[in-house]
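Student: Residues are numbered in my numbering as their position in the sequence shown, beginning at 1, plus a constant of 511.
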Amino acid sequence: MTKYYKSLIYSLFILTLFVLACQKDETTVDEELYHEYFPVNVGHSVIYEVDSIVHDDFTGTVDTFYYQIKEYFESTFIDDSGKETIRLERYIRNDENEDWDIKNVWMARRITSRAEKVEENIRYIKLAFPLRINKRWNGNAYNFKEEQTYTITDLHHSYSINDLNFDSVATVLQKDEKTLISEKYQTEKYAKNIGLIYKEYIDLKKDVDGSIISGIDYRYKVIDYKTHDN
Numbered sequence: 512m513t514k515y516y517k518s519l520i521y522s523l524f525i526l527t528l529f530v531l532a533c534q535k536d537e538t539t540v541d542e543e544l545y546h547e548y549f550p551v552n553v554g555h556s557v558i559y560e561v562d563s564i565v566h567d568d569f570t571g572t573v574d575t576f577y578y579q580i581k582e583y584f585e586s587t588f589i590d591d592s593g594k595e596t597i598r599l600e601r602y603i604r605n606d607e608n609e610d611w612d613i614k615n616v617w618m619a620r621r622i623t624s625r626a627e628k629v630e631e632n633i634r635y636i637k638l639a640f641p642l643r644i645n646k647r648w649n650g651n652a653y654n655f656k657e658e659q660t661y662t663i664t665d666l667h668h669s670y671s672i673n674d675l676n677f678d679s680v681a682t683v684l685q686k687d688e689k690t691l692i693s694e695k696y697q698t699e700k701y702a703k704n705i706g707l708i709y710k711e712y713i714d715l716k717k718d719v720d721g722s723i724i725s726g727i728d729y730r731y732k733v734i735d736y737k738t739h740d741n
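What follows is the structure in structure tokens.
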């Protein structure tokens, strides 16, 4: 064997060791998945205040709505794919002086690599684990909608809302599109051991002068929660 080939083999050996070391380090990092940002414990509940503005181009009116939503993790069951899934009961009322009325039932589940939520029979990938800054995934990978890239833009930072303070919050930007005649913006924030604490959804059609023609603009803001450990 020539000196050249010996040197080449030695270089390849060193390179292989380097690659394996990098993979080992990556695996070590991946062990911290941060599943706590999407709890799935039966008995868990979160209450939100919801502000909604609806612009109707047909009537030319602008309607503002305020109400409260409670999401309650009622029970678990095994879905058609064989995975444990949460029955998520959602209740609605105008304010704290009224009793809760059942609004609808959604589903949620968390597996090793992702957290999913079924809203109005549409499945979304809300979080992709392990959580990392700038991590991207297709939130519509399991539904009929066009591909939509979700991105983690902030992670493990404190956040305050409605006099509630959270030490560790993850922000997911779901959409940010602006043109002269439209505006589409979607984002969600998740707090460790609480889950969703803030949601903003904007889908507006505008005139060339910037005035709003039609669309909706709403926000969910947490006002209370109850954690529950299985």
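Just so you know, even glycine gets a beta-carbon here, dropped at the ideal spot from N, CA and C. Here the structure is a predicted model, which is why all the values come from computation and not from measurement.
#1: Under 7 angstroms Cβ to Cβ from residue 534, same chain only, skipping five residues before and after it: list those, please.
#2: Looking at residue 604 and residue 579, is the spacing between their C-beta atoms short of 8 angstroms?
#3: Residue 546 and residue 737: beta carbons closer than 8 angstroms?
#4: Note down, in chain order, each residue of its chain lying with its Cβ closer than 6 angstroms to the Cβ of residue 637, except the 5 sequence neighbours on either side.
#5: Tell me residue 699's beta-bridge partners as DSSP assigns them.
#6: Between residue 697 and residue 709, is the Cβ-Cβ spacing less than 8 angstroms?
#7: May I have the straight-line CA-CA distance separating residue 641 from residue 683, to the nearest angstrom?
#8: For residue 548, list the residues DSSP reports as bridge partners.
#9: Only counting the same chain, and skipping five residues up and downstream in sequence, which positions put a Cβ closer than 7 angstroms to that of residue 726?
#10: Whose C-alpha, out of 632, 568, 673, is nearest the C-alpha of residue 655?
#11: Could you tell me whether the Cβ atoms of residue 585 and residue 598 are closer together than 8 angstroms?
#12: Rank 679, 724, 720 by C-alpha distance to the C-alpha of residue 691 and give the top, closest one.
#13: Can you tell me whether residue 635 is buried or exposed? The criterion is at least 16 other CB atoms within 10 Å of its CB, across all chains shown.
#14: Looking only at its chain, what residues have a beta carbon closer than 6 angstroms to the beta carbon of residue 657, apart from the 5 residues adjacent to it on each side?
#15: Below 8 angstroms between beta carbons: does that hold for residue 670 and residue 700?
#16: Just to confirm my understanding: we take residue 544, look at its own chain, exclude 5 residues before and 5 after, and list those with CB closer than 8 angstroms. What are they?
#17: Are residue 551 and residue 739 close, meaning C-beta to C-beta below 8 angstroms?
#18: Can you round the beta-carbon distance between residue 560 and residue 734 to whole angstroms, since I take them to be within the 8 angstroms contact cut?
#19: Name the two residues that bound the continuous beta strand (DSSP E) containing residue 586.
#20: Flag this pair as yes or no: are the beta carbons of residue 666 and residue 652 separated by less than 8 angstroms?
Tutor: So, from the listed chains and residues:
#1: In this predicted model, residue 534 has a pLDDT of only 44, less than 50, meaning its place in the structure is not dependable enough to derive any value.
#2: The Cβ-Cβ distance between residue 579 and residue 604 falls below 8 angstroms.
#3: Taking 8 angstroms as the Cβ cut-off, residue 546 and residue 737 do not qualify as a contacting pair.
#4: Excluding sequence neighbours, residue 637 sits near 626, 628.
#5: Looking at the DSSP assignment, residue 699 forms a beta bridge with 683, 710.
#6: It is not a contact, given that the beta carbons lie outside the stated cut-off.
#7: Distance between the alpha carbons of residue 641 and residue 683: 14 angstroms.
#8: Answer is none; residue 548 lacks a bridge partner.
#9: Cβ-Cβ distances below 7 angstroms link residue 726 to 566, 714, 715, 716 in the same chain, with the five nearest sequence neighbours on each side left out; the list follows chain order.
#10: When only C-alpha atoms are compared, the closest one is 632.
#11: Cβ atoms of residue 585 and residue 598: closer than 8 angstroms.
#12: Looking at the Cα atoms, 720 is the closest of the given residues.
#13: Its Cβ being crowded by 16 or more others within 10 Å, residue 635 is buried.
#14: Cβ within range, chain order: n/a, list empty.
#15: For residue 670 and residue 700, yes; Cβs fall inside 8 angstroms.
#16: Only 623, 640, 641, 642 meet the Cβ criterion.
#17: Result no, Cβ atoms of residue 551 and residue 739 do not sit closer than 8 angstroms.
#18: Rounded, the Cβ-Cβ distance is 5 angstroms, consistent with contact.
#19: Membership of residue 586 in the beta strand (DSSP E) is indicated by the continuous run 572-589.
#20: Going by C-beta atoms, residue 666 is not nearer than 8 angstroms to residue 652.
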